[in-house]
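As structure tokens, the structure follows; a few thoughts come after it.
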DNA sequence: CGGTCAATTGAATAGAGTCAAGCGTAGTGG
DNA sequence: CCACTACGCTTGACTCTATTCAATTGACCG
């Protein structure tokens, strides 16, 4: 037990779990520690494992320590839509706090390490620690803004533009958390996952990827995504580079 | 000036502006008053007016007192996607707090009354009043969950299912704020607006509406939407009735 | 060396978009 | 009271993006 608590704390203080919280401004070590004390021991998940099912009645959050996860909504016909991708440092399941039963299932897209954060103490912590609450509020708003952008693309842009936008945004997020080159990073998503994200069939995803390869825009090879021409991808997607607010009020 | 402040306060204490805040639990009159004191004088907007443009550099929020508004993202080709609809009591523009420039324009879908809430004092208020912060946090999560549902429908469901879902959700929201019959309520949206919401052309929206009329599912007439068969709409959309959390921690 | 999962390609089909024209109705002004 | 206008609704015909179904190839693993 001691062991896992130490491991957990180490992850929260040194690992990428911290970085995400600091996106909108410094967070006191005290705030980070109290969040760490809420978290349960790390659990391992394999690709495809369900981290939290949409049939789980009791609400709980997860802190993603390692690997990629996604929130998936399953339709009646069995197809699924991934509504967001989460990278290490993200807190999973916050939207579910607002509803009595989850609409989405949280799945591991990769080998994942995550720990549980129980909902009640989490909310109590927010009310205890205004600055941490403000930071998490802003992080939630950012994810909502991101969902709005995807919604707009889904409704108005053809599939290849949506894929271009996905690549651009993944590039931005990945470059924030690893010190590897921004233009080449691990890509655990299969073509079917990408299809579930951008709302197309696997077959069509494949054709777009082929097209991107031919146009020297981007290539996926050996579970790595290489961005060959970010500017042209931005132009194709019709989006701008993401600029986070630098709030004066924090 | 006295006059408008009184009008503003009245709206915040009696009107539907209060109701939305109380969705997840009681909010102290004190909390409501301090939010009221932040708000500027009410301003009138006509249908089509821009409440906050995506070119406005300075971030500010709005409190919607009357009428319907929407957040719209405009694409390069001039088409637009409405990412959310807001009803009286909603706070507009929160996601924009997280980015340095807005991605969306907030437009009036109807005759609208709204007042400005400056961003900095708003965030400071959140850090001052934990309970108000928690409530607004949950409201944001709910809107994000709602966006996720729409995203899933947009990616995986045909246009008629998306329209069915829109009608069902609008019905739920409208019945919360007026005491008129749940199955018949004002509908300021034009067919082009509905198309912008569900991501189809006006022409196709028209055909779906005709289909709904023939199947006795729902009818729009004289700026009113009448829901004829909510259960079949739910089934068609493949969604369940919305159940808000009843948090034990508030 | 089969077994499983992922990527790839072709052919037929359907959902939705675009273009273009016609219709209804409310409001305005003579 | 009628004519004119503006806006929104309705419908048809054609096109195209993306889907579905099906089959094949390739890669990795025990």
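Residue numbers (our numbering), protein chains in the order written: chain B, 1 to 250; chain D, 1001 to 1250.
All C-beta atoms in this analysis are idealised placements derived from N, C-alpha and C, irrespective of residue type, glycine included.
Predicted model, so just to flag it, every value in this text is computed and none were measured.
In this structure, the straight-line span from the alpha carbon of residue 241(B) to that of residue 1196(D) is close to 24 Å. Minimum Cα-Cα distance from residue 1247(D) among the listed residues 1020(D), 1018(D), 1113(D) and 1024(D) corresponds to 1024(D). Interface annotation, residue 79(B): in contact with chain D, CB-CB separation under 8 Å. Straight across, the Cα-Cα distance linking residue 76(B) with residue 106(B) is about 17 Å. Burial state of residue 85(B) is buried, judged by a 10 Å Cβ sphere holding 16 or more other Cβ atoms. The DSSP-derived three-state label of residue 121(B) is helix. The three-state secondary structure of residue 172(B), taken from DSSP, is helix.
Contiguous beta strand (DSSP E) elements confined to the region 1095 to 1166 of chain D occur at 1105 to 1108 and 1112 to 1118, taking only those with 3 or more residues. Going by beta carbons, residue 151(B) and residue 1147(D) fall inside the 8 Å limit. Note: residue 1186(D) is bridge-paired with 1224(D) in the DSSP secondary-structure output. Less than 8 Å divides the Cβ of residue 137(B) from the Cβ of residue 1133(D).
Not a single CB atom of chain D sits nearer than 8 Å to the CB of residue 187(B). A distance below 8 Å separates the beta carbons of residue 1063(D) and residue 1115(D). Look at residue 1116(D): its C-beta is not under 8 Å from any C-beta on chain B. Note on residue 44(B): under 16 other CB atoms within 10 angstroms of its CB, so exposed under the neighbour-count rule. Straight-line spacing of the CA atoms in residue 1175(D) and residue 1182(D) works out to 5 Å. Contacts with chain B (Cβ-Cβ distance below 7 Å) from the region 1080 to 1092 of chain D involve 1081 and 1083, listed in chain order. At a C-beta separation below 7 Å, residue 249(B) has these neighbours in chain D: 1120, 1123 and 1124. DSSP places residue 202(B) inside the alpha helix (DSSP H), whose first and last residues are 202 to 214.
Residue 66(B) has 113(B) as its beta-bridge partners, per DSSP.
Exposure of residue 26(B) is indicated by the presence of fewer than 16 other C-beta atoms within 10 angstroms of its C-beta. The CB of residue 1147(D) comes closer than 7 Å to the CB of 144, 147, 148 and 151 in chain B, given here in chain order. For residue 167(B), the CB contacts under 6 Å within the same chain, skipping 5 residues up- and downstream, are 218 and 233 in chain order.
Neighbours of residue 1100(D) across chain B, judged by C-beta separation under 8 Å: 243, 244, 245 and 246. For residue 1130(D), the chain B residues whose C-beta falls within less than 8 Å of its own C-beta are 126, 127, 128, 130 and 133, listed in chain order. Taken atom to atom, the span from the alpha-carbon of residue 1208(D) to that of residue 1198(D) is near 11 Å. When 7 Å is used as the limit between beta carbons, residue 1155(D) is near these residues of chain B: 81, 154 and 199, in chain order. For residue 1208(D), not one C-beta of chain B is nearer than 8 Å to its own C-beta.
Contact of residue 167(B) with chain D is not assigned, every C-beta pair being separated by 8 Å or more. By the Cβ neighbour-count rule, residue 69(B) is buried, with 16 or more other Cβ atoms within 10 Å of its own. At a cut-off of 8 Å between beta-carbon atoms, residue 158(B) makes no contact with chain D. For residue 1074(D), the three-state secondary structure derived from DSSP is strand. Check the Cα spacing between residue 1037(D) and each of 1122(D), 1109(D) and 1089(D): the tightest is with 1122(D). In the three-state reduction of the DSSP assignment, residue 59(B) falls in the coil class, being assigned neither a helical nor a strand state. Interface flag for residue 1104(D) against chain B is set, since a Cβ pair is found closer than 8 Å.
Of the residues 100(B), 101(B), 228(B) and 65(B), the one whose Cα lies closest to the Cα of residue 90(B) is 65(B).
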